[in-house]
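Working notes, structure below.
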Amino acid sequence: MAEIRAEEPASTISKTFLIKPKLKSKPRSLPQTPESKYWSSFKSTKIPNLVSSISSLSFSPSPPHLFAAAYSASVSLFSPLSLSDGDVSPSSTISSFSDVVSSISFRNDGLLLAASDLSGLIKVFDVKTRTPLRRLRSHTRPVRFVKYPVLDKLHLLSGGDDAVVKFWDVAGESVVLDLMGHKDYVRCSDCSPVSPDLFVTGSYDHTVKVWDVRVENSRSVLEVNHGKPVEDVIYLPSGGLIATAGGNSVKIWDLIGGGRMVYSMESHNKTVTSICVGRVRKENDGAESMEDRILSVGLDGYMKVFDFGNMKVTHSMRFPAPLMSVSFSPDCRTRVIGTSNGIIFAGRRKGKENVESGRVGNVLGFESISEPERRVLRPTYFRYFHRGQSEKPTEGDYLVMRNKKIKLAEHDKLLKKFRHKDALVSVLSRKNRENVVAVMEELVARKKLLKCVSNLDSDELGLLLTFLSKNATMPRYSSLLMGLTKKVIEMRVEDIRNSDALKGHIRNLKRSIEEELRIQHSLQEIQGIISPLLRIAGRR
Numbered sequence: 001m002a003e004i005r006a007e008e009p010a011s012t013i014s015k016t017f018l019i020k021p022k023l024k025s026k027p028r029s030l031p032q033t034p035e036s037k038y039w040s041s042f043k044s045t046k047i048p049n050l051v052s053s054i055s056s057l058s059f060s061p062s063p064p065h066l067f068a069a070a071y072s073a074s075v076s077l078f079s080p081l082s083l084s085d086g087d088v089s090p091s092s093t094i095s096s097f098s099d100v101v102s103s104i105s106f107r108n109d110g111l112l113l114a115a116s117d118l119s120g121l122i123k124v125f126d127v128k129t130r131t132p133l134r135r136l137r138s139h140t141r142p143v144r145f146v147k148y149p150v151l152d153k154l155h156l157l158s159g160g161d162d163a164v165v166k167f168w169d170v171a172g173e174s175v176v177l178d179l180m181g182h183k184d185y186v187r188c189s190d191c192s193p194v195s196p197d198l199f200v201t202g203s204y205d206h207t208v209k210v211w212d213v214r215v216e217n218s219r220s221v222l223e224v225n226h227g228k229p230v231e232d233v234i235y236l237p238s239g240g241l242i243a244t245a246g247g248n249s250v251k252i253w254d255l256i257g258g259g260r261m262v263y264s265m266e267s268h269n270k271t272v273t274s275i276c277v278g279r280v281r282k283e284n285d286g287a288e289s290m291e292d293r294i295l296s297v298g299l300d301g302y303m304k305v306f307d308f309g310n311m312k313v314t315h316s317m318r319f320p321a322p323l324m325s326v327s328f329s330p331d332c333r334t335r336v337i338g339t340s341n342g343i344i345f346a347g348r349r350k351g352k353e354n355v356e357s358g359r360v361g362n363v364l365g366f367e368s369i370s371e372p373e374r375r376v377l378r379p380t381y382f383r384y385f386h387r388g389q390s391e392k393p394t395e396g397d398y399l400v401m402r403n404k405k406i407k408l409a410e411h412d413k414l415l416k417k418f419r420h421k422d423a424l425v426s427v428l429s430r431k432n433r434e435n436v437v438a439v440m441e442e443l444v445a446r447k448k449l450l451k452c453v454s455n456l457d458s459d460e461l462g463l464l465l466t467f468l469s470k471n472a473t474m475p476r477y478s479s480l481l482m483g484l485t486k487k488v489i490e491m492r493v494e495d496i497r498n499s500d501a502l503k504g505h506i507r508n509l510k511r512s513i514e515e516e517l518r519i520q521h522s523l524q525e526i527q528g529i530i531s532p533l534l535r536i537a538g539r540r
């Protein structure tokens, strides 16, 4: 009797395979452009503990260019010179406000400072003594901006949530003009850099209006629609363009062209809160020049630098908090940015301090001791003749500029060596018709063109015939190339008969000439039809 045994389960053989771990890719950083290096050269200093959001920043127009920061119910003054030493404490603070300070503005001589708050009050202070000199009250709602005109010391501009723009006589504490036209909160303004009578305002009704105080009916002279609530507006240095910020875009408008939009920059991800004009130092052929840029900050934490001459963003910088305000010093040495959490990021460029820096103490009411001046080098000193290449020229020096070396093309180098045939072949192989015709004209002037044609081999002759078949019928070059085509066929007729490739080039040349003749006949027929009609119209 056969035994039945249960089959043992087959044993499974497990194999393990080594998995190659994924290597983390090394971050590749793009090389910095000269402009990125310029903006990165601002040594960043953090000014913390300012209680609340930095609603406004403003630089004094006069050296040493103090800057004021508005936060909560206070205004603090800072010296840019102390930033280089790491001192972030304010030089002075004004705290005589009953509500949150919304905007500040220096007069064009830097002696007075105007500040507005959300109670509807505007105060004018003496910067040196911090004494309130004038109290301007006429707004029925919170005041959102206050602005001193660039070219006027006697008047002031303000606007707020009552949708009214007011033009003030500061000395008399009275309103000269009430400008009505906005339908929502008026949030920002700027004054023309070329006229004391022109200024621009932006509102949450999406419109930006240009005003002229000389207009009798107090109406705006120009209006543009930004498309979003306008957060900030500035005049560009020429006075003919303005930039507006609202939503996630910054738009440039041509006022002279009737309010035409020139460009819209939409590189921010969230609302743009503030813009200002900055300047970048550029070097062209050894000479330094300053170019204007638009600096914009937004709630996405980014600062963008926009070149409105070439219409492109040239630099971007990220900050760890939403940004509320930005300002740039007139001497192009200091950049300050205010955040929503009460921190100011101040950047100061390294370099020689301004000569006026010794007077910072006098502006604030304190005496300061100026450093002894460095001995001036003169031609009578031995050290004068051992100055290095990096030494900057003084006012009396005579500058000898090195001529920029011009890079010659290959055919130009060959022409300078009188290698005429090689120059012709080189330029034919580049397929640039302007250069080819220019080389041919040079060879005609040297009386070497026909000799070069006679010395070409079959391949080089094919290059010439290809060029002639494509360009001989062009009106710009036909006077030279048609005569050259006739000479080439007469001189190289035997070589053309013996080569099928050259025959193909001749057939292409024949087709292009026949097509040009057909076009010319059609144009003559059209001219014959139109000429009598023009004569009849001329008689009438």
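Residue numbers are given in full-length UniProt numbering: position 188 of the sequence shown equals residue 188, and the series is strictly consecutive.
Glycine included, C-beta positions come from ideal geometry on N, C-alpha and C.
What does DSSP give as the partner residues of residue i in its beta bridges?
i    : result
S92  : L77
L222 : V210
S82  : For S82, which the question treats as bridged, DSSP gives no partner whatsoever.
H521 : Paired residue(s): none; H521 is not in a bridge.
I496 : Partner(s): none; I496 has no beta bridge.
K43  : R348
V326 : I337
L198 : D212
F321 : Going by the sequence as given, residue 321 is Ala instead of Phe. Its beta-bridge partners do not exist; DSSP assigns none.
L241 : D254
L177 : F167
L57  : A69
Y263 : I252
Can you give me the C-alpha to C-alpha distance between residue i and residue j, rounded to a whole angstrom?
i           : j    : result
K282        : S53  : 34 Å
S116        : R144 : 7 Å
A69         : K46  : 14 Å
V230        : S289 : 33 Å
V250        : G160 : 22 Å
S458        : L424 : 14 Å
M180        : S203 : 12 Å
N225        : G247 : 13 Å
T201        : S119 : 21 Å
residue 542 : M440 : Examination of residue 542 is not possible in this model, given that the chain is present from 1 through 540 alone.
L414        : S426 : 9 Å
L456        : L428 : 12 Å
L484        : M491 : 10 Å
N49         : G110 : 26 Å
V363        : R260 : Confidence is the limiting factor: at V363 the pLDDT is only 39, short of 50, which leaves the residue's position unreliable, though a coordinate-based value still follows. Rounded to the nearest angstrom, the two C-alpha atoms are 43 Å apart.
W211        : K392 : 46 Å
residue 597 : A114 : Beyond the ends of the chain as shown, which are 1 and 540, falls residue 597; an answer cannot be given.
R348        : S296 : 18 Å
E291        : F306 : 11 Å
R359        : K228 : Confidence at R359 is low in this model, with a pLDDT of 40, below 50, so the placement of that residue should be treated as unreliable; the coordinate-derived value is given next. Roughly 45 Å separates the two Cα atoms.
R293        : T314 : 9 Å
E353        : M317 : Residue placement at E353 is poorly supported in this model, since its pLDDT is 43, which falls under 50; the coordinates are not used for a value here.
S357        : R187 : At S357 the pLDDT is 41, less than 50, meaning the model places this residue with poor confidence; the figure from the coordinates comes in the next sentence. Roughly 35 Å between the two C-alpha positions.
E223        : L133 : 35 Å
S41         : F328 : 14 Å
N403        : A409 : 18 Å
S512        : F467 : 12 Å
Would residue i be called buried (16 or more neighbouring beta carbons within 10 Å of its own) or exposed?
i    : result
L534 : exposed
H268 : buried
T339 : buried
I530 : exposed
P64  : buried
F418 : exposed
Y398 : exposed
K166 : buried
A445 : exposed
K304 : buried
K312 : exposed
H420 : buried
K209 : buried
K123 : buried
H182 : buried
**Item:** Completely contained alpha helix (DSSP H) runs for the segment 397-484, where each covers 4 or more residues
**Value:** 410-416, 420-430, 433-445, 449-454, 458-471, all fully within the segment 397-484.
**Runs of beta strand (DSSP E) lying entirely within the segment 101-167, each at least 3 residues, in chain order** = Correct list: 101-106, 112-117, 121-126, 132-137, 143-147, 155-160.
**Contiguous beta strand (DSSP E) assignments of at least 3 residues, all confined to the segment 281-313** = Fully enclosed beta strand (DSSP E) runs of 3 or longer: 287-298, 302-307.
**Asked** Do the segment 146-161 and the segment 182-201 touch if we need at least three Cβ pairs shorter than 8 Å?
**Response** Counting Cβ pairs under 8 Å, three or more are found: they touch.
**Message:** Check whether the segment 209-225 and the segment 270-281 touch, using three or more Cβ-Cβ pairs below 8 Å as the test.
**Reply:** Under the three-pair Cβ rule at 8 Å, the segment 209-225 does not count as touching the segment 270-281.
**At least three beta-carbon pairs within less than 8 Å, the segment 67-81 to the segment 31-39** = Result no; under three Cβ-Cβ pairs closer than 8 Å.
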